[in-house]
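A short write-up of the structure that comes next.
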Amino acid sequence: MEEGTPGGEGGAPAPVETTDDKKIVHTYPLVKTCDMPEEMWTEVMELIVTGCEKFSSNYELASKLIKQGLDQRFGPPWNIVVGEAYGFEITYLVGSLMLMYTGGNIACICWKAP
Numbered sequence: 039m040e041e042g043t044p045g046g047e048g049g050a051p052a053p054v055e056t057t058d059d060k061k062i063v064h065t066y067p068l069v070k071t072c073d074m075p076e077e078m079w080t081e082v083m084e085l086i087v088t089g090c091e092k093f094s095s096n097y098e099l100a101s102k103l104i105k106q107g108l109d110q111r112f113g114p115p116w117n118i119v120v121g122e123a124y125g126f127e128i129t130y131l132v133g134s135l136m137l138m139y140t141g142g143n144i145a146c147i148c149w150k151a152p
């Protein structure tokens with residue numbers, strides 16, 4: 039760490055961390071949040087990866103493919119959002135939420151509403 043500008047505790051200089059600004063791109067699926075049972079979790083993850091790889095440039099088609107697969111396999115109604123740089127606040131049924139990243143920067147959240 040290096041000494042920075044004044045503003046730390048007690049008037050002492052605040053520490054400044056220096057790091058290389060490198061963008062980390064994950065080439066594997068990264069599950070950020072999930073409260074599904076393990077069997078369901080693996081199937082949902084496979085559906086998401088398939089949809090995002092097949093329609094990597096069209097998030098609307100990817101979300102429709104994922105939704106159709108989830109509705110057929112686990113019963114409707116599923117909600118899917120695929121994209122980059124979005125926020126969310128949702129109400130969901132316990133045991134039906136997954137947030138994951140695939141392809142480096144594509145986020146997908148799927149859930150069932152109560």
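Per the numbering used here, the very first residue in the sequence shown carries number 39; after that it's consecutive. We treat Cβ as the ideally placed atom computed from N, Cα and C, and that holds for glycine.
Distance cut-off 7 Å: residue i Cβ against heavy atoms of the ligand NAP
i      : result
ASP109 : Summarising the ligand content, the structure contains no ligands, and the ligand NAP is consequently not present.
CB contact flag (residue i, residue j, <8 Å)
i      : j      : result
MET138 : MET83  : yes
PHE93  : LEU85  : no
PRO152 : LEU135 : no
Inter-residue spacing [alpha-carbon to alpha-carbon] between residue i and residue j
i      : j      : result
THR80  : GLU127 : 24 Å
ALA145 : GLN110 : 22 Å
LYS70  : THR140 : 11 Å
Supposed close pair residue i, residue j - CB separation, criterion 8 Å
i      : j      : result
CYS72  : VAL120 : Actually they are not in contact, since the Cβ atoms of CYS72 and VAL120 sit about 16 Å apart, beyond 8 Å.
ILE118 : SER95  : Incorrect: roughly 17 Å between the Cβ atoms, too far for contact.
Local conformation of residue i per DSSP, three classes
i      : result
ILE104 : helix
ILE144 : strand
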